[in-house]
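Engineer:
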Amino acid sequence: MPDDWDWFWAGEHGRDRLLREEVETLSYQASAAASRASRMQSQLAKLQGSLETRLNALSKAFDAYVELGDVREELAGYPDTSAIRRDVMAVIEQLSNGLPASPVDPRGVDYWLPHATNTVIEIVGGDAEAGKSNLAATPEARLYVVAAVGALGHGERVADRLPELLITDRELTGQQVVLLDAVVAGVFGPKALESLEPSFRPLLQRTDPAGWRATIERITGVTNDDFILNWIRGQFAESTAAPSPDAQSSPPPAKPAAAGSTAGEADPRARLRGLVVSLIGSGYGGEGALLARARELRWQIENPGRTRPESEQGPAPVDALDRLVHHLKELPVGSPEQRTLLRWVAPGLQTFVEPLGTVAVRPPASVDIRTYYGSLPVTAAGPDQNRWQQIVRNVEEAGQLPPGKLYGFGIAAGVCAVLALICALTGQTVLAVLTIIAAVILGVMCAMQLRARHEAAEAARTGLDQVNQQLRDGVRRAELADTAAREAAEERQRLVDHIRANLARL
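Read in order, the letters of the sequence shown correspond to residues 567 to 1072 in this note's numbering.
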């Protein structure tokens, strides 16, 4: 607030100025205070939300800790199976280090795990036929033996047990995905993949062309027919590949995968070891649900407030055909595994490719040319006749001016000339001069009308010439479009013939 002397010595206008300055200062201070209050309220709301979230997470973690204690008490009722799992883990560790291992004591429990582990010990020791009859009725044991032996580096000894484990109608379980990936990566030997063909044959035979197309589109990301054909062509070795079509029709090349593995995938043996550990931890009977719940609770305690990722929950099921095409896409072209998969899918690809070679008869290409007098659709055979006649009429009408002004100025000039003659004969000199001037002016205007008519006719002829030139250009463009379409159809037919020949040679 200004002091008393400033207020006393200030005039009326000065006092108004002082009051305005004081009001502006107070308004600025109020606005700044409101902004600070809003910012503090926002920070307080965030702090309250953060504290509430953390308290909820800690509360859930504490509840999980309490429940985990109850679960552990229930698991205490399975002392023998817990001891068996510890013994099995010790045996697997010894075998992975190349050390001999003693058989696992089943402790009088009808539990498949110790018997399957003893079978693994025998197979690693050199007996490839061990346990085949004893494990016939236990799918978990068969899967465990194959996965464990493969993870330990002796996959070829159990390769003949793979087909029964990978039988599928359409969807592969997460465990089957791990097993198939290991087979493709060569963990079970070079001949293991070929032995799986009977397991996948029913699925491949009943997949129709639409199913093949949908699978290829999902895995490769290409949807255009030419792109799909070029992708299929790219699955053959370079020595047998057809001449490459236009670059713009070729899909992006796939990244080469390292030998023995699929690009972007984890170490197949590491994933097999993870599968073995999950099978060991699956428990015995009702113990399995308790163990799974204990793992879930332990994760909640160690990661309060977070959602367990899918990777922590094990591999997800996938479509079997999608997985095969995925490996076909990622494996190096010409590798034994890639050629084996290509041989499997060859009949299906043949049925899919066959209709693509038959290109429907396309109508002549139509080019829409835009002229000053209207648009005109044109094909290689010429323009649309109705539109062409309409444009010609428009040009003719543009070159014709109404004759009314020409006739009017001409008649008026003639009348003025007659009046000038009459006035001259009667001695009215001034009037005669004026009428002569009017006649001259009207004559000039009549001449200008004649010139305008000639210019309009010339402009119409020029416009018609331009339309004819545009018409010729449109016909050439339509011919080029027809030629390009015909060449594209011939190129596709050659590509389909090449793919068909390569598929037949597999």
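Just so you know, even glycine gets a beta-carbon here, dropped at the ideal spot from N, CA and C. Every value quoted in this text rests on a predicted model; they were computed, and no experiment measured them.
Could you pull out every unbroken alpha helix (DSSP H) segment of at least 4 residues lying fully inside the stretch 758–810, listed in chain order?
Structural biologist: If we require 4 residues or more, the alpha helix (DSSP H) runs fully inside the stretch 758–810 come out as 763–771, 775–786 and 791–799.
Engineer: Cβ of Pro930 within 7 Å of Cβ of Thr906?
Structural biologist: The answer is no: Cβ separation not under 7 Å.
Engineer: Enumerate in chain order the residues of its own chain whose CB-to-CB distance from Glu903 is below 6 Å, with the five nearest sequence positions on each side excluded.
Structural biologist: Excluding residues within five positions, the ones whose Cβ falls inside 6 Å are Val750, Leu759 and Leu897.
Engineer: What are the residues that DSSP puts in a beta bridge with Leu738?
Structural biologist: Partner(s): Val884.
Engineer: What three-state label does DSSP hand Gly697 in the structure shown?
Structural biologist: Coil at Gly697, not helix or strand.
Engineer: Measuring only the C-alpha atoms, how far is Leu661 from Asp774?
Structural biologist: One C-alpha to the other measures close to 46 Å.
Engineer: What residue range is occupied by the uninterrupted alpha helix (DSSP H) comprising Ile733?
Structural biologist: Here Ile733 belongs to no alpha helix (DSSP H), and DSSP marks it neither H nor E.
Engineer: Would you kindly check if the distance between the Cβ of Pro943 and the Cβ of Ser932 is under 7 Å?
Structural biologist: In this structure, Pro943 lies closer than 7 Å to Ser932 by Cβ.
Engineer: With DSSP as the reference, identify every bridge partner of Gly940, one or two as the case may be.
Structural biologist: Beta-bridge pairing links Gly940 to Thr937.
Engineer: Look up Pro902 in the DSSP assignment and say whether it is helix, strand or coil.
Structural biologist: DSSP places Pro902 in helix when its eight states are reduced to three.
Engineer: What are the boundary residues of the alpha helix (DSSP H) that includes Asn1068?
Structural biologist: It spans Thr995 to Arg1071 - the alpha helix (DSSP H) in which Asn1068 sits, taken as one unbroken run.
Engineer: In the DSSP output, what is Pro949 paired with across the bridge?
Structural biologist: Per DSSP, Val944.
Engineer: For the alpha helix (DSSP H) containing Tyr973, name the first residue and the last one.
Structural biologist: Per DSSP, Tyr973 belongs to the alpha helix (DSSP H) from Gly970 to Leu991.
Engineer: Report all residues from its chain with a CB closer than 8 Å to the CB of Asp1044; omit the five preceding and five following residues, and keep chain order.
Structural biologist: With the sequence shown as reference, residue 1044 is identified as Ala, and Asp is not the correct amino acid for it. Here the set comprises Pro930, Ala931, Ser932, Val933, Val944, Thr945 and Ala946.
Engineer: So for Val749, helix, strand or coil by DSSP?
Structural biologist: Of the three classes helix, strand and coil, the one that applies to Val749 here is helix, per DSSP.
Engineer: Can the beta-carbon of Ala990 be found closer than 7 Å to that of Ala998?
Structural biologist: Yes, Cβ-Cβ distance for Ala990 and Ala998 is below 7 Å.
Engineer: Since Glu706 is in the alpha helix (DSSP H), which residue starts that stretch and which ends it?
Structural biologist: Taken as a continuous stretch (DSSP letters only), the alpha helix (DSSP H) holding Glu706 covers Pro705 to Ala717.
Engineer: Please state whether the Cβ-Cβ distance between Val842 and Ala707 is less than 7 Å.
Structural biologist: Against a cut-off of 7 Å, the Cβ pair of Ala707 and Val842 comes out as no contact.
Engineer: What did DSSP end up calling Ser601 once you bin it into helix, strand or coil?
Structural biologist: Three-state DSSP puts Ser601 in a helix.
Engineer: Taking the beta carbon of Thr1074 as the centre, do at least 16 other beta carbons fall within 10 Å, making it buried, or is it exposed?
Structural biologist: Coverage of the chain is limited to positions 567 through 1072, which leaves residue 1074 absent and any answer about it impossible.
Engineer: Report yes if the C-beta distance between Leu845 and Tyr710 is below 7 Å; otherwise report no.
Structural biologist: Closer than 7 Å, so yes.
Engineer: With 16 other CB atoms within 10 Å as the buried threshold, where does Arg889 fall?
Structural biologist: Answer is buried; the Cβ neighbour count reaches 16.
Engineer: Mind reading off the beta-carbon distance from Val919 to Ile798? Whole number of angstroms is fine, and I expect it under 8 Å.
Structural biologist: Confirmed, Cβ separation roughly 7 Å.
Engineer: Could you check whether the stretch 967–987 touches the stretch 1038–1058, counting it as contact only if at least three pairs of C-beta atoms, one from each stretch, sit closer than 8 Å?
Structural biologist: No, because fewer than three Cβ pairs between the stretch 967–987 and the stretch 1038–1058 fall closer than 8 Å, the two stretches do not touch.
Engineer: Taking the straight line between their C-alpha atoms, what separation do you get for Gly692 and Thr917?
Structural biologist: Spanning the two alpha carbons is a distance of roughly 45 Å.
Engineer: Between which two residues does the alpha helix (DSSP H) carrying Thr683 extend?
Structural biologist: Element bounds for Thr683: Trp678 to Val690.
Engineer: Where Gln866 and Lys626 are concerned, what is the direct C-alpha to C-alpha distance, given to the nearest angstrom?
Structural biologist: Each residue's alpha carbon lies about 8 Å from the other.
Engineer: Given a threshold of 16 other Cβ atoms within 10 Å of its Cβ, counted over all protein chains shown, does Asp629 qualify as buried or as exposed?
Structural biologist: Flag for Asp629 reads exposed.
Engineer: Would you say the stretch 1025–1032 touches the stretch 960–968, given that touching needs at least three Cβ pairs under 8 Å?
Structural biologist: Judged by Cβ distances under 8 Å, the stretch 1025–1032 makes contact with the stretch 960–968, as three or more pairs qualify.
Engineer: Am I right that Ile957 and Val891 are in contact with their C-beta atoms under 8 Å? What's the rounded C-beta distance?
Structural biologist: Incorrect: roughly 54 Å between the Cβ atoms, too far for contact.
Engineer: Work out the CA separation of Leu1008 and Tyr973 for me, nearest whole Å.
Structural biologist: Tyr973 and Leu1008: Cα-Cα distance of roughly 11 Å.
Engineer: Short check: CB of Val670 to CB of Asp653, under 7 Å?
Structural biologist: Yes. Within cutoff.
Engineer: Distance, Cα to Cα, Thr734 vs Val712?
Structural biologist: Taking the straight line from one Cα to the other gives about 17 Å.
Engineer: Can you list, in chain order, the residues of its chain whose CB lies under 7 Å from that of Leu915, leaving out five sequence neighbours each side?
Structural biologist: Counting only Cβ-Cβ distances below 7 Å, and skipping sequence neighbours, we find Trp778, Ile798 and Leu1069.
Engineer: Just checking my contact of Leu1072 with Leu908 at CB under 8 Å: how many whole Å lie between their CB atoms?
Structural biologist: Their Cβ separation, rounded to whole angstroms, is 6 Å, which keeps Leu1072 and Leu908 in contact under 8 Å.
Engineer: To the nearest angstrom, how far is the alpha carbon of Ala603 from that of Leu624?
Structural biologist: The straight-line gap from Cα to Cα measures roughly 31 Å.
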